[in-house]
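In my numbering, the protein residues as written are 653 to 1207. Think of the CB as a built atom: it goes at the ideal place given N, C-alpha and C, for glycine as much as any other residue. All values derive from a computational prediction rather than experimental measurement. Written below as structure tokens is the structure these notes are about.
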């Protein structure tokens, strides 16, 4: 018990340090500061922009070196410069006592998220490849042909660089297992701080405040199952909510600056490089950014070209990393193959892409999943599955019912209609790319809760005073229901102590996890590099070291 108490204190201190460090990086030299807009009025935006800047740096760094403590040391001067600018700008001058109900709620959320993070019942994908990708990033730079060893190493998700970055400060997976807790406590604190005036009764609940309050229990619940698993799905969910709040801010703003437009587009690209399942909301954000750019006519070359340069620095290294790992710039598609000796077999890429798409459609494994990628036999079972999912049915019914109500009442819903554009774009992408509810739960809730928030904002002020109290009770109920009573040391990843050894024709020795070839089980966990499940006997090193990469010997 004393050990777990010490870990709890350490975890909270680690979150505070990482949050402050990343926020300071975000504040340092933020572009277009002379045009500060509505988005940077929310001080938490500096954390999310700082996280994007860290990923920009880590993608470039990992092209040549592993992600470790040196990354913190290199970024430290930028963070200190950001802190200096924050003090100069009187960043902390507006910090005041938020009220007891707000303090109590924040403490409860912190305790809940700490106890939820002290859990080692990791999700399946985390054992299959999340830990392996993080471990690889901690020890090696981007490795040519790594996918020839284990195809999941070609999954180009820069989220793993973020988890590896935290590992660099708090080693052996502890930092990685704290990564989603940091994101969740950041978004929950952002909601509570931005609505503190509503909790104290000093401010009327408007569209944005109502939307944030309604989402608070959902954000608390974001990673309640296996919060310690460093899965990028938690990032996609909380960041989807965060950028949709920014869309509401822009919709309700009297004036939008170029900095607002720049940040929306930056967040769109940042989310996509973190995990490509963010593409739907990403394209929705880009559409809104383009809409406001045209509407406000803020397309001066002096602003556009620096923005394009920053976007290129964020996206191009991500594309290059994908090409290095697999030989295909468009992996998991066979688009843009490179003329390199580490190009993985085209058939393997096609099967992998079909499996991912088919599993999202059918929840089947093996050949049935691959078949589902090429037909529509999955639709019937998918409809039944969706109709039995409360997180899909309730939001859709709320949205349809309230839109009908607004039409009957002839309510002016221009702001709501504008908000729903990126949401509907996201759901369209979701259906055609990966129609699994776990890839878009927050988008579905946004579809239903945005009309409800819009309705609530029009209520009489007398009735709205009760809303924060109701949300407080709901948040406490969620935390009580999902409390973790079986806490374990953070980062205790299952180690493969006695892996088998597979020797390829070239003499390369690979650690392998013993799995039945007839089953679809790929649990690698914390296996020593190089490790695989079903390695190719034609696999060989491109040189003398792992850093030089892997290739398949062609006959």
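query, result
"Measuring alpha carbon to alpha carbon, tell me which of 927, 1200, 995 and 1068 ends up nearest residue 704.", "927"
"Helix or strand or just coil, what does DSSP make of residue 878?", "coil"
"Can you give the Cα-Cα distance for residue 794 and residue 832, rounded to whole angstroms?", "23 Å"
"What's the gap between the Cα of residue 849 and the Cα of residue 855?", "5 Å"
"Given that a residue counts as buried once 16 or more other Cβ atoms are within 10 Å of its Cβ, and exposed if not, what is residue 1049?", "exposed"
"Does DSSP classify residue 1192 as helix, strand or coil?", "strand"
"Checking 8 Å against the spacing of the C-beta atoms, do residue 881 and residue 775 come in under that value?", "yes"
"Assuming contact is defined by CB atoms lying nearer than 8 Å, are residue 684 and residue 918 in contact in what I supplied?", "no"
"Can you check which of these residues, 725, 658, 789 and 657, is closest to residue 716 by C-alpha distance?", "789"
"Going by C-alpha distance, which of 845, 779 and 799 is nearest residue 747?", "845"
"Could you give the distance in angstroms between the alpha-carbon of residue 1153 and the alpha-carbon of residue 1188?", "13 Å"
"Is it right to say residue 825 is buried, meaning 16 or more other beta carbons lie within 10 angstroms of its own, or is it exposed?", "buried"
"Which residues bound the beta strand (DSSP E) around residue 1163?", "1161 to 1164"
"For residue 944, which residues from the same chain have a beta carbon less than 6 Å from its beta carbon, with the 5 sequence-adjacent residues on both sides left out?", "908 and 913"
"By the 10 Å Cβ neighbour count, where 16 or more other Cβ atoms means buried, how is residue 1028 classified, buried or exposed?", "exposed"
"Taking 8 Å as the threshold (C-beta atoms), are residue 699 and residue 674 in contact?", "yes"
"Is residue 745 buried or exposed, if buried means 16 or more other CB atoms sit within 10 Å of its CB?", "exposed"
"List, from N- to C-terminal side, the alpha helix (DSSP H) runs of 4 residues or more that fit wholly inside the region 748 to 813.", "752 to 769, 783 to 791 and 798 to 801"
"Who does residue 739 pair with in a DSSP beta bridge?", "In DSSP, residue 739 forms no bridge with anything."
"If we count Cβ pairs, one from each stretch, closer than 8 Å, do we get three or more for the region 795 to 808 versus the region 977 to 992?", "yes"
"Which whole-angstrom value is the C-beta distance of residue 708 and residue 966, which I expect to be below 8 Å?", "5 Å"
"Whole angstroms is fine: what's the gap from residue 1162's alpha carbon to residue 1156's?", "8 Å"
"Out of 1131, 1201 and 1141, which one is the CA nearest neighbour of residue 758?", "1131"
"Using the C-alpha atoms, what's the distance from residue 1093 back to residue 1041?", "10 Å"
"Rounded to whole angstroms, what is the Cα-Cα separation between residue 808 and residue 1075?", "25 Å"
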